[in-house]
Amino acid sequence: MRFKIDENLPVEVVDLLRRHSHNALTVTEQQLNGQPDARIAEICRAEQRALVTLDLDFADIRRYPPENSTGIIVLRPATQSISSILQLLRRVLPL
């Protein structure tokens, strides 16, 4: 699967996805840091990538309807530590 990793996630997320044979790029790698959410969503759509983020704004289906994207995964770990984020993502990957 093709993923775009938001700038609010640690680089270990992209490493984990790549180790599981996913095509993953980061917002930072594409020099998109600081871009508005709508721009990131537009780029994900154009690249046919699912966005992985911690940003709750992307959970608003009125602003980002599911039918208008390849997918949006908003991670909500108990804490935003690297280990918590990676543990949550490891649970989601098999789905």
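For the record, in the sequence shown the residue sitting at position 26 is 25 according to numbering that gives the first Met the number 0, with numbers rising by one throughout. Even glycine gets a Cβ: it sits at the ideal position worked out from N, Cα and C. A quick note: this is a predicted structure, and the numbers were derived from the prediction, not measured.
Determine the direct distance from the alpha carbon of residue 16 to that of residue 25, and round the result to whole angstroms. Sequence index remark: in the sequence shown, residue 25 carries index 26 (1-based). Sequence index remark: in the sequence shown, residue 16 carries index 17 (1-based). The C-alpha of residue 25 lies about 11 Å from the C-alpha of residue 16.
Would residue 60 be called buried (16 or more neighbouring beta carbons within 10 Å of its own) or exposed? In the sequence shown, residue 60 corresponds to position 61, counting from 1. Per the 10 Å Cβ criterion, exposed.
With distance defined between alpha-carbon atoms, name the residue in 4, 2, 8 nearest to residue 79. As a first step, residue 79 must be located in the sequence shown, where it is residue number 80. Comparing Cα positions, the closest option is 8.
Using DSSP with H/G/I as helix, E/B as strand and the rest coil, what is residue 8? The count along the sequence shown starts at 1 and reaches residue 8 at position 9. If DSSP states are grouped into helix, strand and coil, residue 8 belongs with coil.
Length at least 3, wholly inside the stretch 46-74: the beta strand (DSSP E) runs in chain order: 49-52, 71-73
Can you tell which of 74, 22, 5, 43 has the C-alpha that lies nearest to the C-alpha of residue 32? Here residue 32 refers to the residue found at position 33 when the sequence shown is read from its first residue. The residue with the shortest Cα to Cα distance from residue 32 is 5.
When the Cα atoms are used, what is the spatial distance from residue 48 to residue 67? The residue labelled residue 48 in the question sits at position 49 within the sequence shown. The residue labelled residue 67 in the question sits at position 68 within the sequence shown. C-alpha separation (whole angstroms): 12 Å.
Reducing DSSP to helix, strand and coil, say where residue 94 ends up. Residue 94 sits at position 95 when you count from the first residue of the sequence shown. Of the three classes helix, strand and coil, the one that applies to residue 94 here is coil, per DSSP.
Assign residue 40 to buried or exposed, taking buried as 16 or more other Cβ atoms, counted over all protein chains shown, within 10 Å of its Cβ. Residue numbering aside, residue 40 sits at position 41 when the sequence shown is read from its first letter. Looking at its Cβ environment, which holds 16 or more other Cβ atoms inside 10 Å, residue 40 is buried.
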